[in-house]
Amino acid sequence: MATKSTTTAAKTAKKAPAAKKPAAKKAAAPAATEAKAKFSKAIEEARAGAQALGKEAQAKAGAYKEQFAARSGDWVDDAKDMAGQAKERAGELAKDGKAKTSDAIASLGKIVADNAGTIDEKLGTRYGDYARTAARSMQETAAKIEAKDLNELGDDAKEFVRKSPGLAIGIAAVAGFLVSRLFKGGSSND
Numbered sequence: 049m050a051t052k053s054t055t056t057a058a059k060t061a062k063k064a065p066a067a068k069k070p071a072a073k074k075a076a077a078p079a080a081t082e083a084k085a086k087f088s089k090a091i092e093e094a095r096a097g098a099q100a101l102g103k104e105a106q107a108k109a110g111a112y113k114e115q116f117a118a119r120s121g122d123w124v125d126d127a128k129d130m131a132g133q134a135k136e137r138a139g140e141l142a143k144d145g146k147a148k149t150s151d152a153i154a155s156l157g158k159i160v161a162d163n164a165g166t167i168d169e170k171l172g173t174r175y176g177d178y179a180r181t182a183a184r185s186m187q188e189t190a191a192k193i194e195a196k197d198l199n200e201l202g203d204d205a206k207e208f209v210r211k212s213p214g215l216a217i218g219i220a221a222v223a224g225f226l227v228s229r230l231f232k233g234g235s236s237n238d
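My numbering numbers the first residue of the sequence shown as 49 and each following residue consecutively.
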């Protein structure tokens, strides 16, 4: 009988370790499955969070786009208003310049005509006649400038430049020199 108990004890001893191994594998399998499930859930939550952030970013971008569109429309309107004001102001300045130019040419013609008698006495009637002709020409030019509108004057200037570009450049240079001398002479730097 002793052999039976030893054999039974040996059998039980052999069975006990064999029974523990499958229990450990079964316990590890649910833990791995649980970890995979938690990891998958975390990934899904991260995806959902990323999608929510993307949608929120798109919504904010849309709001900013609408604000920019509204402001850019305002800026365009403001720029158009300023351009219109500048055009009006330029027209007013051009009209004033036209009036001052015609007045200056007429005044210069009057001065030349008034001095034609003195030129007759000092240089002779031939030069006096030149002065009177120049004075008449200046007064006629002043009257033509006063009679024409700005568009006609612009067209005349373009036509003159096309016909005589060298003369136009010379006149522009002389006019620029005279204007610079006027401003330089009028400053208090001298």
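Note that CB positions come from ideal geometry on N, CA and C, so glycine has one too.
Bear in mind that the values here come from a model prediction, so they are computed numbers and not experimental data.
So, at 8 Å on beta carbons, what are the nonlocal neighbours of residue i in its own chain, with the 5 sequence-adjacent residues on each side left out?
i: Ser185; result: Gly157
i: Met196; result: Looking at the sequence provided, one finds Lys at residue 196 rather than Met. So the qualifying residues of the chain are Asp204.
i: Ser228; result: none
i: Gly139; result: Leu198
Measure the beta-carbon distance from residue i to residue j and round it to whole angstroms, keeping in mind my assumption that it falls under 8 Å.
i: Ala179; j: Ile193; result: The Cβ separation is near 21 Å, so there is no contact.
i: Lys146; j: Leu201; result: 7 Å
Could you check which residue in the options has the C-alpha nearest to that of residue i?
i: Ala161; options: Asp177, Thr149 and Ala117; result: Asp177
i: Ser150; options: Gln106, Leu171, Glu169 and Glu188; result: Glu188
Would you mind stating whether residue i and residue j have Cβ atoms separated by less than 8 Å?
i: Ile153; j: Ala183; result: no
i: Leu198; j: Lys143; result: yes
i: Ala216; j: Val209; result: yes
Output needed for residue i: all residues of its chain with C-beta closer than 7 Å, excluding positions within five of it in sequence on either side, in chain order.
i: Glu207; result: none
Whose C-beta lies closer than 6 Å to the C-beta of residue i among residues of the same chain, with five residues either side of it excluded?
i: Leu226; result: none
i: Ala79; result: none
i: Ala64; result: Because Ala64 carries a pLDDT of 49, less than 50, the predicted location of this residue cannot be relied on, and no value is offered for it.
i: Tyr175; result: Ile167
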